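Colleague: Those protein sequence lines, which keep their order, are chains A and B. Residue numbers for the first sequence, in the UniProt record's numbering: 1 to 343. Residue numbers for the second sequence, in the UniProt record's numbering: 1 to 343. My structure is below; once you've seen it, I'll send some questions.
Number of protein chains: 2
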Amino acid sequence: MEVVNRYVVIKHHVDGAPTEADLEVREATARWAPGSGQVMVRNRFLSIDPYQLNRMKRSSASHLAVNGIVPGESITAYAAGEVVASDCDEYKEGDLVAGMLGWEDYTLFRPSPGMLMSKIDAGGDGFPLSHHLSALGTSGMTAYAGLFEVGKPEKGEKVFVSAASGSVGSLVGQFAKLAGCYVVGCAGSQVKVNLLKEKLGFDDAFNYKEEPDLKSALKRYFPDGIDIYYENVGGEMLEAALANMNTYGRVAVSGVMSEYTGSGRRAVPNMEQVIYKRITIRGFLAWDFLAKFDEFNAVIGDWIRQGKVQVLEDVSDGLDSVPSAFAALFRGDNIGKKLVKLA
Amino acid sequence: MEVVNRYVVIKHHVDGAPTEADLEVREATARWAPGSGQVMVRNRFLSIDPYQLNRMKRSSASHLAVNGIVPGESITAYAAGEVVASDCDEYKEGDLVAGMLGWEDYTLFRPSPGMLMSKIDAGGDGFPLSHHLSALGTSGMTAYAGLFEVGKPEKGEKVFVSAASGSVGSLVGQFAKLAGCYVVGCAGSQVKVNLLKEKLGFDDAFNYKEEPDLKSALKRYFPDGIDIYYENVGGEMLEAALANMNTYGRVAVSGVMSEYTGSGRRAVPNMEQVIYKRITIRGFLAWDFLAKFDEFNAVIGDWIRQGKVQVLEDVSDGLDSVPSAFAALFRGDNIGKKLVKLA
Numbered sequence: 001m002e003v004v005n006r007y008v009v010i011k012h013h014v015d016g017a018p019t020e021a022d023l024e025v026r027e028a029t030a031r032w033a034p035g036s037g038q039v040m041v042r043n044r045f046l047s048i049d050p051y052q053l054n055r056m057k058r059s060s061a062s063h064l065a066v067n068g069i070v071p072g073e074s075i076t077a078y079a080a081g082e083v084v085a086s087d088c089d090e091y092k093e094g095d096l097v098a099g100m101l102g103w104e105d106y107t108l109f110r111p112s113p114g115m116l117m118s119k120i121d122a123g124g125d126g127f128p129l130s131h132h133l134s135a136l137g138t139s140g141m142t143a144y145a146g147l148f149e150v151g152k153p154e155k156g157e158k159v160f161v162s163a164a165s166g167s168v169g170s171l172v173g174q175f176a177k178l179a180g181c182y183v184v185g186c187a188g189s190q191v192k193v194n195l196l197k198e199k200l201g202f203d204d205a206f207n208y209k210e211e212p213d214l215k216s217a218l219k220r221y222f223p224d225g226i227d228i229y230y231e232n233v234g235g236e237m238l239e240a241a242l243a244n245m246n247t248y249g250r251v252a253v254s255g256v257m258s259e260y261t262g263s264g265r266r267a268v269p270n271m272e273q274v275i276y277k278r279i280t281i282r283g284f285l286a287w288d289f290l291a292k293f294d295e296f297n298a299v300i301g302d303w304i305r306q307g308k309v310q311v312l313e314d315v316s317d318g319l320d321s322v323p324s325a326f327a328a329l330f331r332g333d334n335i336g337k338k339l340v341k342l343a
Numbered sequence: 001m002e003v004v005n006r007y008v009v010i011k012h013h014v015d016g017a018p019t020e021a022d023l024e025v026r027e028a029t030a031r032w033a034p035g036s037g038q039v040m041v042r043n044r045f046l047s048i049d050p051y052q053l054n055r056m057k058r059s060s061a062s063h064l065a066v067n068g069i070v071p072g073e074s075i076t077a078y079a080a081g082e083v084v085a086s087d088c089d090e091y092k093e094g095d096l097v098a099g100m101l102g103w104e105d106y107t108l109f110r111p112s113p114g115m116l117m118s119k120i121d122a123g124g125d126g127f128p129l130s131h132h133l134s135a136l137g138t139s140g141m142t143a144y145a146g147l148f149e150v151g152k153p154e155k156g157e158k159v160f161v162s163a164a165s166g167s168v169g170s171l172v173g174q175f176a177k178l179a180g181c182y183v184v185g186c187a188g189s190q191v192k193v194n195l196l197k198e199k200l201g202f203d204d205a206f207n208y209k210e211e212p213d214l215k216s217a218l219k220r221y222f223p224d225g226i227d228i229y230y231e232n233v234g235g236e237m238l239e240a241a242l243a244n245m246n247t248y249g250r251v252a253v254s255g256v257m258s259e260y261t262g263s264g265r266r267a268v269p270n271m272e273q274v275i276y277k278r279i280t281i282r283g284f285l286a287w288d289f290l291a292k293f294d295e296f297n298a299v300i301g302d303w304i305r306q307g308k309v310q311v312l313e314d315v316s317d318g319l320d321s322v323p324s325a326f327a328a329l330f331r332g333d334n335i336g337k338k339l340v341k342l343a
């Protein structure tokens with residue numbers, strides 16, 4: 001079986017905020033053959049994630065954890081699609097899968113034990129396929145692991161979430177409410193703030209762009225201090241959160257979006273506060289909790305079915321929209337999980 | 001019973017590096033009376049600790065954990081001495097005690113359940129009394145708790161200790177060797193470096209003042225990376241350690257000496273490294289582990305008796321030497337635990 005495969009590449013390493021022009025779509029022939037041991041997936045939804053920027057850099061700590069992206073070569077990415085050809089018993093034509101595929105029309109893979117690939121029966125599992133890239137995919141796993149395994153919330157604790165209307169933040173806030181916490185989120189527009197309060201059930205929310213002094217803003221929103229800070233942005237926000245944290249506070253460092261592009265200044269945490277307030281700052285990746293993926297997903301799936309968790313997805317159309325969708329992430333244009341739907 | 005009590009005070013809040021002139025010795029009458037419920041201790045050794053500087057500041061995160069020091073008033077401090085009068089059954093004249101007393105000749109206290117006070121039988125316990133302020137006091141507890149409870153070393157892991165010839169660092173390195181780790185320390189002179197390697201059994205040590213690039217220095221000393229960084233100094237050293245840490249590395253933040261005085265610049269940790277290397281940075285205070293104090297001390301005491309741990313103490317004479325001894329701490333003049341011996 002031979003198909004024309006369109007795929008996204010970076011033209012060169014990207015070291016600042018990405019622009020649409022840094023990426024382009026190319027095409028090549030993809031071949032699947034019986035006896036190859038391979039599975040060919042026609043991708044239907046692609047996950048557009050900020051961490052890909054770190055993979056695109058010439059040099060980044062990211063390369064220690066995940067392969068860097070090579071200019072001109074196809075880009076592995078979380079995606080969901082349909083099996084169109086298979087030389088493996090576990091996968092049949094028509095099966096739906098979600099896992100590590102690529103920013104491309106078709107992906108070939110050879111099943112291996114540790115790989116991140118979930119199979120969904122051909123009839124589906126009652127959830128939109130796209131959810132397997134958002135709440136039931138790596139965003140959900142990141143939110144769940146970061147909040148429950150790293151943040152370890154107790155009922156009544158106060159949780160602050162930055163980039164709260166993003167793919168991960170929007171779930172963290174809802175999960176924290178379900179854990180009985182008081183939750184405040186920040187985001188970059190009034191529309192997002194309203195959404196957090198009105199649709200997602202955050203106790204409060206604010207537009208950080210309208211706060212000249214983040215430290216005082218957090219003092220207003222958390223008169224009794226912050227117990228858990230779910231960190232997505234870095235820079236000044238981290239400093240302000242630390243200044244407002246309670247004794248034994250936890251910072252779950254999921255991302256530092258403002259530091260990825262090199263445009264914002266880096267956080268200069270007050271280490272005296274870290275000591276005297278006995279704060280734990282812990283970086284993590286969702287992959288570290290892969291063994292618990294099914295367990296987490298069962299819980300999240302129940303919450304979605306019961307209407308306790310709203311899933312926000314922001315979908316662009318067509319492979320050609322990947323470059324602009326990716327660049328837009330860093331302007332904060334998305335609300336919820338950014339996805340690209342393929343024809 | 002009435003005695004002339006000489007005590008040390010700060011003349012004003014201290015906000016930079018302290019000088020001898022910021023402190024002075026005053027005197028007043030101290031009175032103990034039968035029926036008062038009080039114990040009077042004649043102090044023999046005073047503990048001189050860097051954290052006291054934070055208590056002397058007008059504003060510091062320290063004040064959240066321990067009372068600030070008020071100019072003109074006596075200063076609580078860890079000390080060891082002899083009971084000279086007691087109105088409590090638990091304490092008898094001649095008993096030796098170590099605990100929260102003060103930078104003064106005599107301290108009165110009223111026993112209470114949570115207080116930090118160890119009683120040593122009148123005959124002593126085989127250890128020099130001064131050890132109850134160093135390896136068997138808060139320095140030992142800080143080193144033990146920070147290494148074992150926060151750092152959680154596994155055999156064969158690589159441990160980096162800054163301010164390694166100081167009261168805490170000198171113990172951390174020895175404890176880590178006993179835990180089967182590879183240990184490198186840094187200090188501020190060749191004499192200290194030799195001491196670490198020759199007397200304390202560190203695998204290696206270096207003089208940070210002779211290293212123009214701390215990041216490359218650590219790369220040389222840890223070609224296979226750092227698993228645990230026991231942090232005493234802050235600033236550039238923290239950045240260099242993070243850059244050289246392995247995946248799942250732990251930073252036990254015991255102190256940030258270089259940041260206390262405001263003279264060095266603050267650390268700007270690379271949070272991308274914290275995320276992708278899944279690093280945990282945790283501030284702690286020895287007090288958090290008070291419930292395990294006796295357990296820790298039993299282990300440390302055995303190690304000392306067996307000759308497996310060397311106790312370094314740097315003793316000045318007389319209450320009048322407290323101001324200069326304290327200021328000298330911040331120039332790195334001491335080797336091991338800084339103590340003042342009273343007549």
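For each residue, glycine too, the CB sits at the ideal point set by N, CA and C. In this text, all values refer to a predicted model and were calculated from it rather than measured experimentally.
With 8 Å as the threshold, decide whether the Cβ of residue 352 of chain B is near any Cβ in chain A.
Modeller: Past the boundaries of the shown model lies residue 352 of chain B; chain B is included only from 1 to 343, so the question cannot be answered.
Colleague: Within the same chain, show all residues whose beta-carbon is closer than 6 Å to that of A/A187, passing over the 5 residues directly before and after it, in chain order.
Modeller: Position 187 of the first sequence, counting from 1, holds the residue named residue 187 of chain A. Contacts found: A164, S165, V193.
Colleague: Is A/W32 near A/M56, with beta carbons less than 8 Å apart?
Modeller: Counting from 1 along the first sequence, the entry for residue 32 of chain A is found at position 32. Counting from 1 along the first sequence, the entry for residue 56 of chain A is found at position 56. No. Outside cutoff.
Colleague: Near B/E27, what residues of its chain come up, given a Cβ to Cβ distance below 8 Å and the 5 sequence neighbours on each side ignored?
Modeller: Locating residue 27 of chain B in the second sequence gives position 27, counting from the first residue. Hits under 8 Å: V4, N5, R6, Y7.
Colleague: So A/S216 is in the alpha helix (DSSP H); what residue range does that whole segment cover?
Modeller: What you label residue 216 of chain A is simply residue 216 of the first sequence in a count that begins at 1. 214 to 221 is the extent of the alpha helix (DSSP H) around A/S216.
Colleague: Can you find a CB in chain B that lies within less than 8 Å of the CB of A/M100?
Modeller: As a first step, residue 100 of chain A is located in the first sequence; it is residue number 100 there, counting from the start. So no, A/M100 is outside the interface.
Colleague: Using beta carbons (cut-off 8 Å, strictly below), is A/E138 in contact with chain B?
Modeller: Along the first sequence, read from residue 1 onward, the residue named residue 138 of chain A stands at position 138. Note on residue identity: the sequence assigns Thr, not Glu, to residue 138 of chain A. So, not an interface residue.
Colleague: Is it right to say A/V191 is buried, meaning 16 or more other beta carbons lie within 10 angstroms of its own, or is it exposed?
Modeller: Your numbering for residue 191 of chain A matches position 191 in the first sequence. Under this definition A/V191 is an exposed residue.
Colleague: Report, in whole angstroms, the separation of the C-beta atoms of A/Y144 and A/I300, which I expect to be a contact under 8 Å.
Modeller: For the purposes of this step, residue 144 of chain A is taken as the residue at position 144 of the first sequence. For the purposes of this step, residue 300 of chain A is taken as the residue at position 300 of the first sequence. Confirmed, Cβ separation roughly 6 Å.
Colleague: Per DSSP, which one or two residues make a beta bridge with B/V8?
Modeller: Here residue 8 of chain B refers to the residue found at position 8 of the second sequence. DSSP output for B/V8 lists B/V25 as bridge partner(s).
Colleague: Could you tell me whether the Cβ atoms of B/G264 and B/G235 are closer together than 8 Å?
Modeller: As a working note, residue 264 of chain B is residue 264 in the second sequence. As a working note, residue 235 of chain B is residue 235 in the second sequence. Result yes, Cβ atoms of B/G264 and B/G235 sit closer than 8 Å.
Colleague: B/S130 to B/L339, Cα distance in whole Å?
Modeller: Residue numbering aside, residue 130 of chain B sits at position 130 when the second sequence is read from its first letter. Residue numbering aside, residue 339 of chain B sits at position 339 when the second sequence is read from its first letter. So the alpha carbons of these two residues sit roughly 8 Å apart.
Colleague: Can you tell which of B/A65, B/G81, B/V311, B/E73 has its C-alpha closest to the C-alpha of B/L200?
Modeller: The residue given as residue 200 of chain B occupies position 200 in the second sequence. Selected option, being the one with the closest Cα: B/V311.
Colleague: Looking only at its own chain, which residues have a Cβ that is under 6 Å from the Cβ of A/L218, when we skip the five neighbours before and after it?
Modeller: Here residue 218 of chain A refers to the residue found at position 218 of the first sequence. Taken in chain order, the residues that qualify are A240, N244.
Colleague: Select from A/K197, A/D95, A/I10 the residue whose C-alpha is nearest the C-alpha of A/N43.
Modeller: Here residue 43 of chain A refers to the residue found at position 43 when the first sequence is read from its first residue. Ranking A/K197, A/D95, A/I10 by Cα distance to A/N43 puts A/D95 first.
Colleague: Closer than 8 Å, CB to CB, is A/K338 near chain B or not?
Modeller: The count along the first sequence starts at 1 and reaches residue 338 of chain A at position 338. No, A/K338 does not count as interfacial toward chain B.
Colleague: Just tell me which of A/M237, A/K341, A/R266 has its CA closest to the CA of residue 349 of chain A.
Modeller: No answer is possible for residue 349 of chain A: the residues shown for chain A start at 1 and end at 343.
Colleague: Starting from the beta carbon of B/V161, find every residue of chain A whose beta carbon is closer than 9 Å, and list them in chain order.
Modeller: Residue mapping note: residue 161 of chain B aligns to position 161 of the second sequence, counting from 1. Simply none; closest approach about 16 Å.
Colleague: Which residues, taken in chain order from the region 246 to 262 of chain B, show a beta carbon closer than 8 Å to some beta carbon of chain A?
Modeller: So the close ones are T247, V253, S254, G255, V256, E259, Y260.
Colleague: Which chain A residues sit within Cβ distance under 8 Å of B/N54?
Modeller: The residue given as residue 54 of chain B occupies position 54 in the second sequence. By Cβ distance, chain A contributes E272, Y276.
Colleague: Just to confirm, are A/S62 and B/E272 a CB contact at a threshold of 8 Å?
Modeller: Residue 62 of chain A sits at position 62 when you count from the first residue of the first sequence. Residue 272 of chain B sits at position 272 when you count from the first residue of the second sequence. Cβ atoms of A/S62 and B/E272: closer than 8 Å.
Colleague: Scan the region 236 to 273 of chain A and note each continuous beta strand (DSSP E) run of 3 residues or more that stays entirely inside, going in chain order.
Modeller: If we require 3 residues or more, the beta strand (DSSP E) runs fully inside the region 236 to 273 of chain A come out as 245 to 253.
Colleague: Using 10 angstroms around the beta-carbon of A/G16, count the other beta-carbons present and answer buried if the total reaches 16, otherwise exposed.
Modeller: As a first step, residue 16 of chain A must be located in the first sequence, where it is residue number 16. Looking at its Cβ environment, which holds fewer than 16 other Cβ atoms inside 10 Å, A/G16 is exposed.
Colleague: Using a Cβ-Cβ cut-off of 8 Å, state whether B/L64 counts as contacting chain A.
Modeller: Counting from 1 along the second sequence, the entry for residue 64 of chain B is found at position 64. Yes, because at least one Cβ of chain A sits closer than 8 Å to the Cβ of B/L64.
Colleague: Unbroken alpha helix (DSSP H) runs of length 4 or more, entirely within the region 32 to 84 of chain A: which are they?
Modeller: Segments of the alpha helix (DSSP H) lying fully in the region 32 to 84 of chain A: 51 to 56, 62 to 65.
Colleague: Quick check: the region 123 to 140 of chain B against the region 288 to 300 of chain B, are there 3 or more CB pairs under 8 Å?
Modeller: Output reads yes: the region 288 to 300 of chain B touches the region 123 to 140 of chain B.
Colleague: Can you pull the chain A neighbours of B/D288, defined as C-beta to C-beta under 9 Å?
Modeller: On the second sequence, position 288 is the one that residue 288 of chain B refers to. Those within 9 Å of B/D288 in chain A are Y248, R278.
Colleague: Let me know the secondary structure DSSP gives B/I281 once reduced to three states.
Modeller: Here residue 281 of chain B is taken as the residue at index 281 of the second sequence, counted from 1. Correct three-state label for B/I281: strand.
Colleague: Answer with yes or no whether the minimum CB distance from B/F284 to chain D is below 8 Å.
Modeller: Among the chains of the structure shown, chain D does not appear; the protein chains present are A and B.
Colleague: Any beta carbon from chain B within less than 8 Å of A/G234's own beta carbon?
Modeller: In the first sequence, residue 234 of chain A corresponds to position 234, counting from 1. Yes, A/G234 lies at the interface with chain B (some Cβ there is under 8 Å from its Cβ).
Colleague: Taking C-alpha atoms, which residue in B/E73, B/Y91, B/M100, B/D22 lies nearest to B/V287?
Modeller: For the purposes of this step, residue 287 of chain B is taken as the residue at position 287 of the second sequence. Checking the sequence shown, residue 287 of chain B turns out to be Trp, not Val. Per the Cα distances, B/M100.
Colleague: From the DSSP secondary-structure annotation, give me the bridge partner or partners of A/T107.
Modeller: Here residue 107 of chain A refers to the residue found at position 107 of the first sequence. In DSSP, A/T107 forms a bridge with A/V41.
Colleague: Which residues bound the beta strand (DSSP E) around B/M117?
Modeller: Counted from its first residue, the second sequence places residue 117 of chain B at position 117. Unbroken beta strand (DSSP E) run through B/M117: 117 to 120.
Colleague: Have a look at B/D203, B/I75, B/T261, B/V14 and flag the residue whose alpha-carbon is nearest the alpha-carbon of B/G180.
Modeller: Your numbering for residue 180 of chain B matches position 180 in the second sequence. Closest by alpha carbon: B/D203.
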